[in-house]
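A short write-up of the structure that comes next.
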Amino acid sequence: MKKQKSALKQKKEQKNTAADNKDDVRIDKWLWAARFCKTRSIARELVQSGKVQYNKQRSKPSKVVELGATIVVPAGFDLKTVIVKEVNGQRRGAALAQLMYEETPESIALREKNAAARKLSVFHSPRPDARPDKKQRRQIIKFKHQ
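Everything in the sequence shown is counted per full-length UniProt numbering, starting at 1 for the first residue and increasing by one.
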């Protein structure tokens with residue numbers, strides 16, 4: 001009987017210590033607080049789908065974020081590689097949210113390179129200035145049927 005009571009006490013103490021430790025923040029909550037995602041459910045789906053890497057590995061949304069961890073997050077057309085500088089579960093203003101992480105120089109360089117490549121790709125796909133008129137449309141149809 002005493003063993004059962006002591007086992008129950010230990011379980012309760014473990015639950016209390018987990019609840020008291022407020023530094024433990026899930027990765028989906030951290031992404032939401034750092035303003036990578038608009039809602040926590042979107043952040044959860046992003047992590048579950050494997051688009052977010054935590055220390056170069058897929059993780060679950062319940063993964064606890066630690067200081068100094070490397071997280072790869074999709075941002076538009078590119079990927080951002082960030083290092084965790086602050087662990088906080090509260091969503092704050094954009095200026096304060098940017099202090100929670102630091103983007104790596106390699107990530108910045110790669111994003112700039114990709115942006116320049118996207119701008120240059122527009123020049124390789126020529127578009128006409130205006131729609132073809134009736135005479136030009138007839139010429140196009142005639143050319144296609146040859």
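Don't be surprised by glycine CBs; every beta carbon is placed ideally from N, CA and C. Quick caveat, the model's predicted, so the values are computed rather than measured.
Exposed or buried, what is residue i when buried is set at 16 or more other beta-carbons lying within 10 Å of its beta-carbon?
| i | result |
| --- | --- |
| K63 | buried |
| L99 | exposed |
| S49 | exposed |
For residue i, I'd like the list of residues in its chain whose CB is within less than 7 Å of its CB, leaving aside the five on either flank, ordered along the chain.
| i | result |
| --- | --- |
| A18 | Confidence is the limiting factor: at A18 the pLDDT is only 46, short of 50, which leaves the residue's position unreliable, though a coordinate-based value still follows. No residues qualify anywhere along the chain. |
| Y101 | A34, V82, I83, V84, K85 |
Using the C-alpha atoms, what's the distance from residue j back to residue i?
| i | j | result |
| --- | --- | --- |
| V122 | L110 | 19 Å |
| K113 | K142 | 43 Å |
| L67 | S125 | 45 Å |
| L46 | K80 | 14 Å |
| K51 | K119 | 25 Å |
| D78 | V87 | 24 Å |
Got a sec? Which residues, its chain only, sit under 8 Å from residue i by beta carbon, not counting five neighbours each side?
| i | result |
| --- | --- |
| R91 | W32, A33, R35, A97 |
So, under 8 Å CB-CB, residue i and residue j are touching, yes? Tell me the CB distance rounded to an integer number of Å.
| i | j | result |
| --- | --- | --- |
| V65 | I27 | 5 Å |
| K29 | R40 | 6 Å |
Looking only at its own chain, which residues have a Cβ that is under 6 Å from the Cβ of residue i, when we skip the five neighbours before and after it?
| i | result |
| --- | --- |
| Q136 | none |
Span of the beta strand (DSSP E) holding residue i?
| i | result |
| --- | --- |
| V73 | 70-75 |
| V47 | Note, V47: premise wrong, no beta strand (DSSP E); alpha helix (DSSP H) at 40-48. |
Go to residue i, then tell me how far its alpha helix (DSSP H) extends in each direction, as first and last residue.
| i | result |
| --- | --- |
| K113 | 105-121 |
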